[in-house]
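Enquirer:
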Amino acid sequence: MFISKAKDPIVAGTEDKIATWTSLPKEGVNVDRGEHRLATVLVYLTDVEKGGETVSPSAEVRSRCPVIEGEKWSATKWIHVDSFDKNVEAGGNCTDQNESCERWAALGERTKNTEYTVGSPDLPGYCRSSKVC
Numbered sequence: 001m002f003i004s005k006a007k008d009p010i011v012a013g014t015e016d017k018i019a020t021w022t023s024l025p026k027e028g029v030n031v032d033r034g035e036h037r038l039a040t041v042l043v044y045l046t047d048v049e050k051g052g053e054t055v056s057p058s059a060e061v062r063s064r065c066p067v068i069e070g071e072k073w074s075a076t077k078w079i080h081v082d083s084f085d086k087n088v089e090a091g092g093n094c095t096d097q098n099e100s101c102e103r104w105a106a107l108g109e110r111t112k113n114t115e116y117t118v119g120s121p122d123l124p125g126y127c128r129s130s131k132v133c
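Sequential numbering of the sequence shown, starting at 1, is according to full-length UniProt numbering.
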């Protein structure tokens with residue numbers, strides 16, 4: 001289940017604490033990086049009596065061990081390179097905002113990773129040059 005940003009005072013307060021703890025702003029980080037997600041914060045909401053460990057052998061892989069005794073509740077906060085709340089301005093904002101856009105286009109990333117490169121009607125991508133708009 002996805003919960004909207006600042007849905008209520010508890011969610012807003014949790015986001016504030018995560019921003020303080022990570023030293024990253026809640027609305028994303030304006031940096032020139034090729035990846036979409038900058039960090040993942042896993043918050044345990046309950047204590048499990050036995051089992052339920054989370055193992056992260058790499059940044060992209062996370063495995064959960066079965067809960068043997070008790071109940072496990074957790075929340076995941078993804079911190080992205082930039083906010084997903086951006087809106088496409090009138091005229092389409094037809095610019096490339098990452099210097100790697102042309103290289104990514106040559107590698108086929110416009111079709112493989114359209115949400116990041118091209119975007120959607122509600123969220124602009126980072127590679128919206130005249131080839132897209």
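Backbone N, C-alpha and C fix where the C-beta goes; we use that ideal spot for every residue, glycine too.
#1: Can you round the beta-carbon distance between C127 and A106 to whole angstroms, since I take them to be within the 8 Å contact cut?
#2: My output table needs one value for W73: the three-state DSSP class, helix, strand or coil.
#3: Check the DSSP bridge columns for R37 and list the partner residues they point to.
#4: Based on DSSP bridge pairs, tell me the residues matched to V67.
#5: Can you have a look at N87 and say buried or exposed, based on whether 16 or more other CB atoms are within 10 angstroms of its CB?
#6: Within 10 Å of its beta-carbon, does V43 have 16 or more other beta-carbons around it, so buried, or fewer, so exposed?
#7: Applying the 10 Å Cβ sphere with the 16-neighbour rule, what's the burial state of C65?
#8: Mapping DSSP to helix, strand and coil, what is residue 187?
#9: Let me make sure I understand the geometry here. Which of R110, W21, T76 has the alpha-carbon closest to that of R37?
#10: Going by beta-carbon coordinates alone, are E49 and G70 separated by less than 7 Å?
#11: Check whether the Cβ atoms of T40 and W73 sit closer than 7 Å, and answer yes or no.
#12: Taking the alpha-carbon positions, what's the T20 to I10 distance?
Expert: In short:
#1: Wrong, their Cβ atoms sit about 11 Å apart, outside the cutoff.
#2: coil
#3: H80
#4: G51
#5: Only weak support is given to the placement of N87: the predicted model assigns it a pLDDT of 47, under 50, and the value that follows is read from those uncertain coordinates. So N87 ends up on the exposed side.
#6: exposed
#7: exposed
#8: This structure leaves residue 187 out entirely; the chain is present only between 1 and 133.
#9: T76
#10: yes
#11: no
#12: 15 Å
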